[in-house]
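Numbered continuously in this note's numbering, the sequence shown closes out at residue 444.
The C-beta atom is built at its ideal place from N, Cα and C for all residues, glycine as well.
Keep in mind the model is a prediction, meaning the values are calculated, not measured.
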Amino acid sequence: MAERLIFPDLDSLAQAAAEIVVTSAQAAIAARERFSIGLSGGSTPRPLYALLASPAYAPRIDWPNVHVFWGDERCVPPDHPDSNYRMARETLLDRVPLLPDNIHRMPGERDPEAGAGAYDAHLRSFFAADGEDVPRFDLLLLGMGGDAHTASLFPGTAALGETDRWVAANYVEKLGAWRLTLTPPALNAAAEIVVLVSGADKADALDAVLNSPTDPDRYPAQLLQPENGRLRWLVDRAAAARLSG
Ligand code: 6PG
Numbered sequence: 200m201a202e203r204l205i206f207p208d209l210d211s212l213a214q215a216a217a218e219i220v221v222t223s224a225q226a227a228i229a230a231r232e233r234f235s236i237g238l239s240g241g242s243t244p245r246p247l248y249a250l251l252a253s254p255a256y257a258p259r260i261d262w263p264n265v266h267v268f269w270g271d272e273r274c275v276p277p278d279h280p281d282s283n284y285r286m287a288r289e290t291l292l293d294r295v296p297l298l299p300d301n302i303h304r305m306p307g308e309r310d311p312e313a314g315a316g317a318y319d320a321h322l323r324s325f326f327a328a329d330g331e332d333v334p335r336f337d338l339l340l341l342g343m344g345g346d347a348h349t350a351s352l353f354p355g356t357a358a359l360g361e362t363d364r365w366v367a368a369n370y371v372e373k374l375g376a377w378r379l380t381l382t383p384p385a386l387n388a389a390a391e392i393v394v395l396v397s398g399a400d401k402a403d404a405l406d407a408v409l410n411s412p413t414d415p416d417r418y419p420a421q422l423l424q425p426e427n428g429r430l431r432w433l434v435d436r437a438a439a440a441r442l443s444g
């Protein structure tokens with residue numbers, strides 16, 4: 200059963216998420232001297248990333264032992280205004296002492312299929328070093344769109360049905376654009392998933408995802424069911440407005 204945590208606003212949601220990141224990082228590094236985190240794109244995580252880079256939180260994470268990945272990326276160059284990497288670089292990556300080799304950027308600038316194949320191979324190599332045959336991120340941060348998409352798994356798109364590859368190039372008709380995205384099996388391999396949902400514009404989708412009959416083609420975020428992991432929804436009151444349960 201997924202846990203639902205409701206906060207008054209995005210700031211309090213971001214603070215709670217920052218505490219989760221610190222706790223998860225400290226536990227992983229204590230156990231294996233390594234913390235693998237998948238970042239979400241979009242706008243919701245911005246205050247979280249800024250908090251993690253702030254004096255209140257940054258000293259609590261052993262950044263040289265942190266490996267940063269992405270759950271999805273727009274098929275644009277890394278310095279493009281729409282790049283999830285660029286947003287993370289500006290709010291977090293450039294402000295904490297991560298090792299450059301530990302920033303595992305999705306190659307949005309490449310041909311989508313080639314980029315997806317390259318990142319898939321990179322993940323398999325990274326996690327194989329741990330003896331893992333799945334991409335068991337210690338923590339995966341995700342968001343959800345007003346259409347119930349998560350990562351770049353949009354309603355009615357091909358990547359929703361991917362069962363073998365860990366990374367897919369996914370053409371999103373409604374955006375007229377390609378995306379790179381972790382696939383459902385890759386997302387659900389994570390040890391822990393935290394979904395950040397903020398704003399009244401997400402209320403209908405969140406209620407549908409959590410309370411409607413399973414229909415992942417229509418509500419892709421319903422696919423988030425970690426095989427052997429923890430799922431938490433961190434939502435603000437505006438996004439939770441329709442939740443009856
Ligand atoms: C992206 C994200 C995407 C995002 C949702 C919510 O590349 O846009 O990874 O899945 O989390 O679209 O976006 P907002 O946080 O901007 O509402």
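| Query | Result |
| --- | --- |
| Would you mind stating whether Asn264 and Ile302 have Cβ atoms separated by less than 7 Å? | no |
| Can you tell me which residues form a DSSP beta bridge with Ile236? | Val267, Leu338 |
| How many whole angstroms separate the CB atoms of Val394 and Leu338, which I take to be in contact at a CB cut-off of 8 Å? | The pair is not a contact, with the Cβ atoms about 12 Å apart (cut-off 8 Å). |
| So what's Asp363 in DSSP terms, helix, strand or just coil? | coil |
| Compute the Euclidean distance between the alpha carbons of Val221 and Leu433, then round it to the nearest angstrom. | 16 Å |
| Output needed for Arg233: all residues of its chain with C-beta closer than 6 Å, excluding positions within five of it in sequence on either side, in chain order. | Asn264 |
| Quick check on the DSSP output: the beta strand (DSSP E) that includes Val221 runs from which residue to which? | Element bounds for Val221: not the beta strand (DSSP E) but the alpha helix (DSSP H), 209-231. |
| State the Cα-Cα distance for the pair Ser324 and Gly330, rounded to the nearest angstrom. | 10 Å |
| Please return the same chain residues whose Cβ sits closer than 6 Å to the Cβ of Leu322, not counting the five positions on each side in sequence. | Pro334, Trp365 |
| Check each candidate in Asp208, Phe206, Gly360, Pro311 and name the one with the smallest Cα separation from Val275. | Pro311 |
| The ligand 6PG and Ala367: does the residue's C-beta get closer than 6 Å to at least one heavy atom of that ligand? | no |
| Taking the straight line between their C-alpha atoms, what separation do you get for Ser223 and Ala230? | 11 Å |
| How close, in whole Å, do the beta carbons of Leu409 and Leu442 come, if the pair is a contact with beta carbons under 8 Å? | 7 Å |
| What does a CB cutoff of less than 6 Å around Tyr284 pick up in its chain, not counting 5 residues either side in sequence? | Pro277, Arg304 |
| Any heavy atom of the ligand 6PG inside 6 Å of the beta-carbon of Ala350? | yes |
| Could you tell me if Asn387 is buried or exposed, where buried requires 16 or more neighbouring beta carbons within 10 angstroms of its beta carbon? | buried |
| I'd like to know whether the C-beta atoms of Leu379 and Ala350 end up nearer to each other than 7 Å. | no |
| Please give me, in chain order, every unbroken run of the beta strand (DSSP E) with length at least 3 that falls completely inside the region 288-353. | 338-342 |
| Once DSSP output is grouped into helix, strand and coil, what is the label at Leu204? | strand |
| Hey, quick one: how far does the alpha helix (DSSP H) through Arg245 stretch, first residue to last? | 245-251 |
| Taking 8 Å as the limit between beta carbons, can you name the residues of its chain near Arg245, skipping five residues before and five after? | Met286, Thr290 |
| Would you call the CB atoms of Ala437 and Ala399 closer than 7 Å? | yes |
| For Asp406, which residues from the same chain have a beta carbon less than 8 Å from its beta carbon, with the 5 sequence-adjacent residues on both sides left out? | Arg441, Leu442, Ser443 |
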